[in-house]
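Enquirer: Each protein sequence line maps, in turn, to chains A and B.
Residues in the first sequence are numbered from 1 upward in steps of one, following this note's numbering.
Residues in the second sequence are numbered from 263 upward in steps of one, following this note's numbering.
Here it is, the structure in full.
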Amino acid sequence: MRGQLRRLGRSVRAFLRHVGTLSRLELSLARHLLVPVGYNVRLCAKITLTQARFSGLQAAPLLAALGVMIGAVGILQFVSLLAGLADDLIGKLLVTIIVREMGPLIAAVLLIGRSGTAMATELGTMRLGGELEALSAYRIDPVAFVLLPRVLGMVLAMFASIVLFDVTGLLGGSVIAVIVKDISFPLLRGRVAAALMPGDFGMTVLKAFLFGQTIALFSCYFGMGVKRSPTELPQAVTRAVVASLAGVFVADAALAAAYYLA
Amino acid sequence: MSVLELRGATVKDGERTIFAGLDLVLKAGDRLVAFGPSGSGKKALLKLAAGIIRPDSGTAELTSSSSTPVGYVMEEGGLLSNLSLAQNVALPVLYHGRLGYRDALSRAREALESLGAIREADRRPALCSIAGRRLAHLARAFLADPALMVLEGPLDELDARSTATVRRALDETPAAAIVGTAALSPYLAWGRRFLFLHRGKATHYADRASLEKAEDPALREFLEA
Chain A
1 MRGQLRRLGR SVRAFLRHVG TLSRLELSLA RHLLVPVGYN VRLCAKITLT QARFSGLQAA
61 PLLAALGVMI GAVGILQFVS LLAGLADDLI GKLLVTIIVR EMGPLIAAVL LIGRSGTAMA
121 TELGTMRLGG ELEALSAYRI DPVAFVLLPR VLGMVLAMFA SIVLFDVTGL LGGSVIAVIV
181 KDISFPLLRG RVAAALMPGD FGMTVLKAFL FGQTIALFSC YFGMGVKRSP TELPQAVTRA
241 VVASLAGVFV ADAALAAAYY LA
Chain B
263 MSVLELRGAT VKDGERTIFA GLDLVLKAGD RLVAFGPSGS GKKALLKLAA GIIRPDSGTA
323 ELTSSSSTPV GYVMEEGGLL SNLSLAQNVA LPVLYHGRLG YRDALSRARE ALESLGAIRE
383 ADRRPALCSI AGRRLAHLAR AFLADPALMV LEGPLDELDA RSTATVRRAL DETPAAAIVG
443 TAALSPYLAW GRRFLFLHRG KATHYADRAS LEKAEDPALR EFLEA
């Protein structure tokens, strides 16, 4: 019993230590974003765009294909389940499924698997290769130089990925709806437009910001946690993926509760 | 005026004490060779001098007001793998806003050219020779114009030509310099002061003559090995 309590205490302490360090990192990131003292903005922008290109642009074909398939399959399921229901629901269904729920989540899961893992590995390799130590010797703040551009790049990539998924998902769903329900495409487009609320754009921006920075922060944090050996890298990547998934789903649940219950 | 002051500095690795109670003062132009067998704490001393780690007890102070008080030359690694050698060399002055992107890159290429490493300037570190990477480290340190140069075995694994280039560069630097090495002989002529690290203890030697006369059995054993 005492041993179990001790183990529980150790786990709680470790968890609180992570929370404390991550909170300090968040504060430091916010400070560097607001006051980029002595930092070459052009250099930061260059790394940010490289990160956004890798995370967003290079993942675009896969994300677009997923969007079309999930949009199409989702609407196919609903159309068969809700046979006989009013056609005007299809616009609302498309917006609710694709834009409000699936788009941000699928894009986040894809970016965790593709870019979060790469980021954690890169940071772990930088730590093992002495790159972070060298930065430290030259008084180059890793938060400003390494973390900030990656977080900004990931947020940009997340926003672009969500929008791409939404567009392709709506397209895939619409094609199925037009074929199966025999609705004209202009009519369906009107119904989708009517179902879209101004808050949907705000929510997309908010989710891109929250999900993107959660993924980048956890990936960098656990990657930088590698200390001595390359064998720590897979463990760091696993931790980064699990923490990013948990963070994204918790943030999504909190936002959904705020959106639908408020 | 002193550049680096260590007072009673103790560094530990977990429970193990790497060295304890180290006092060291380096002034501009000083050349210190810190040597000893593997695991004696040379790297920890260099990291402490560079401000990468803090002492577990005692103090370590760099008294330069420069934005880049230290130039750090690492034996392996330490260059950003996604940048070219020239971009790596330019990074500190670029980051601290001393030069714009084009100027910093142009000065970096000049620094690499003066060290004879211009051929590899546009390559990423992984595709460069050991000498190319080492010379890029030196070029980065010189361009940053630091008060203290911290160097991990800067002559190790270099060919004769690169060794001559590095020697000349080290001779010409006006900054205080501290070299950490397991092979003392290449630095005997260059060093002005010596620090023997062995089993958690550090012994100072004011010059080469006092080092060669020393009767410490551990030192004799190390020198004769």
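Idealized CB from N, CA, C, for every residue including glycine.
Remember, predicted model here, so these are calculated numbers, not experimental data.
(1) Of the residues B:A487, B:A439, B:A471, which one's Cα is nearest the Cα of D292 (chain B)?
(2) For chain A, check one thing: does any of its Cβ atoms lie closer than 7 Å to the Cβ of L342 (chain B)?
(3) Locate the alpha helix (DSSP H) running through I275 (chain A), then write down its first and last residues.
(4) Listing by chain order, which chain A residues have their CB less than 9 Å from the CB of N332 (chain B)?
(5) With a 10 Å radius around its C-beta and 16 neighbouring C-beta atoms as the bar for buried, classify T238 (chain A) as buried or exposed.
(6) To the nearest angstrom, report how far apart L307 (chain B) and G453 (chain B) are at their CA atoms.
(7) Within the chosen definition, does the stretch 71-78 of chain A reach the stretch 165-173 of chain A through at least 3 CB pairs nearer than 8 Å?
(8) Can you give me the Cβ contacts of P416 (chain B) inside the same chain, cut-off strictly under 6 Å, excluding the 5 residues immediately before and after it?
(9) Taking the beta carbon of M69 (chain A) as the centre, do at least 16 other beta carbons fall within 10 Å, making it buried, or is it exposed?
(10) On the DSSP letters alone, give me the boundaries of the beta strand (DSSP E) that S319 (chain B) sits inside.
(11) Within the continuous alpha helix (DSSP H) that includes R402 (chain B), where are the two ends?
(12) Report the residues of the stretch 292-319 of chain B with a CB closer than 8 Å to any CB of chain A, ordered along the chain.
(13) Measure how close the beta-carbons of L459 (chain B) and S319 (chain B) come, nearest whole angstrom, since I'm counting them as under 8 Å.
(14) Are the C-beta of M336 (chain B) and some C-beta of chain A separated by less than 7 Å?
(15) Tell me the start and end of each unbroken alpha helix (DSSP H) in the stretch 183-249 of chain A that is at least 4 residues and wholly inside, in chain order.
(16) At a Cβ cut of 7 Å, what residues of the stretch 139-172 of chain A count as close to chain B, listed as they run along the chain?
(17) Is DSSP giving H466 (chain B) helix, strand or coil here?
(18) For the stretch 196-211 of chain A and the stretch 153-170 of chain A, state whether three or more C-beta atom pairs, one from each stretch, are separated by less than 8 Å.
(19) Answer with buried or exposed for P436 (chain B), where buried requires no fewer than 16 other C-beta atoms within 10 angstroms of its C-beta.
(20) Just to confirm my understanding: we take L33 (chain A), look at its own chain, exclude 5 residues before and 5 after, and list those with CB closer than 7 Å. What are they?
(21) Can you tell me whether I179 (chain A) is helix, strand or coil according to DSSP?
(22) Looking at C-alpha atoms only, which residue of A:A251, A:L128, A:P198 is the closest neighbour of A108 (chain A)?
(23) What beta strand (DSSP E) runs, 3 residues minimum, are completely inside the stretch 323-387 of chain B?
(24) Could you check whether the Cβ of P448 (chain B) sits closer than 7 Å to any Cβ belonging to chain A?
(25) According to the Cβ coordinates, are P317 (chain B) and A271 (chain B) closer than 7 Å?
(26) If you reduce the DSSP assignment to three classes, tell me which class M154 (chain A) lands in.
(27) State yes or no: is the beta carbon of P354 (chain B) nearer than 7 Å to at least one beta carbon in chain C?
Expert: Short version:
(1) That would be B:A439, whose Cα lies nearest to the Cα of D292 (chain B).
(2) With 7 Å as the cut-off, L342 (chain B) counts as an interface residue toward chain A.
(3) Since the first residue shown for chain A is 1 and the last is 262, residue 275 (chain A) is missing from the structure and cannot be characterised.
(4) The sequence shown places Val at residue 332 (chain B), not Asn. What V332 (chain B) touches in chain A: A137, Y138, R139.
(5) T238 (chain A) is exposed by the Cβ-count criterion.
(6) For the pair L307 (chain B) and G453 (chain B), the Cα-to-Cα distance works out to about 17 Å.
(7) A contact is defined here as three or more CB-CB pairs under 8 Å, and the stretch 71-78 of chain A meets this definition with respect to the stretch 165-173 of chain A.
(8) Excluding positions up to five away in sequence, the list reads V335, V428.
(9) So M69 (chain A) counts as exposed.
(10) From DSSP, the beta strand (DSSP E) with S319 (chain B) extends over 319-324.
(11) Per DSSP, R402 (chain B) belongs to the alpha helix (DSSP H) from 392-406.
(12) Listed in sequence order: K309, A312, G313, I314.
(13) Their Cβ separation, rounded to whole angstroms, is 18 Å, which puts L459 (chain B) and S319 (chain B) out of contact at 8 Å.
(14) Closer than 7 Å: yes.
(15) Runs of the alpha helix (DSSP H) spanning 4 or more residues and lying entirely within the stretch 183-249 of chain A occur at 185-195, 198-224, in chain order.
(16) Per Cβ criterion, the list reads R139, I140, F145.
(17) When secondary structure is reduced to three states using DSSP, H466 (chain B) falls in the strand class.
(18) Between the stretch 196-211 of chain A and the stretch 153-170 of chain A, the count of C-beta pairs closer than 8 Å reaches three or more; the two stretches touch.
(19) Classification for P436 (chain B): exposed.
(20) Annotation for L33 (chain A): L148 place their beta carbon closer than 7 Å to its own, counting only its chain and skipping 5 residues before and after.
(21) Taken through DSSP and simplified to helix, strand or coil, I179 (chain A) comes out as helix.
(22) Proximity to A108 (chain A) across A:A251, A:L128, A:P198 peaks at A:A251, based on C-alpha coordinates.
(23) As for any beta strand (DSSP E) of minimum length 3 sitting wholly inside the stretch 323-387 of chain B, the runs are 332-335, ordered along the chain.
(24) It does not: the Cβ of P448 (chain B) has no partner Cβ on chain A nearer than 7 Å.
(25) Yes, the pair counts as a contact, with Cβ atoms nearer than the cut-off.
(26) Here M154 (chain A) sits in helix by DSSP.
(27) This model lacks chain C altogether; the protein chains it does include are A and B.
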